[in-house]
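Engineer: Have a look at this one.
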Amino acid sequence: DYMPDTPSRTEFYKRLVSSHPLGQVDTCVEEIAARFGQPPIALNNFATLTQIKILARAAGVSKIKTHPHSELTDMMFHSDDSFEKVRAMPYPAGFSLEIVYLKDRLRFIHEGVRPGRIVEQIFDFLKDMAGDEDDVEDY
């Protein structure tokens, strides 16, 4: 077991999920690695998911849904203003996901794209949407 000490594991996971500044997630993972060694992939994935949630909130995204057994991911927004801001953004350079602008959401089509790359590209897209790192920290 990576973190055999249950109280420590609980403390670190609580810190991860309650992190607000984007960099705080990385700091927490670094502390875990310093104490317990190289983190397993599951912990790194959990940290990335936490960062995606932080970015999504800062960008006005209310929900990200990947459709099971398909190659589609939808991104819904809290308000029309947030959605319009995204529609006005230039198409990301080097982006391998197709973006379809539906009436009430964005749809990413990721046919033939490996799962890790999908997560990276959605993360980068959200980071562009959220804007300046300082804005992300103060959402």
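Numbering (this note's numbering), first residue to last: 377 to 515. Cβ atoms here follow ideal geometry from the backbone N, Cα and C, with glycine treated the same way. Small disclaimer: the values here were computed from a predicted structure and weren't measured.
Taking the beta carbon of residue 498 as the centre, do at least 16 other beta carbons fall within 10 Å, making it buried, or is it exposed?
Structural biologist: buried
Engineer: Let me know the secondary structure DSSP gives residue 467 once reduced to three states.
Structural biologist: coil
Engineer: Find out if the Cβ-Cβ distance for the pair residue 424, residue 476 is shorter than 8 Å.
Structural biologist: no
Engineer: By the 10 Å Cβ neighbour count, where 16 or more other Cβ atoms means buried, how is residue 484 classified, buried or exposed?
Structural biologist: buried
Engineer: Output the distance between the C-alpha atoms of residue 471 and residue 451, rounded to the nearest integer angstrom.
Structural biologist: C-alpha separation (whole angstroms): 16 Å.
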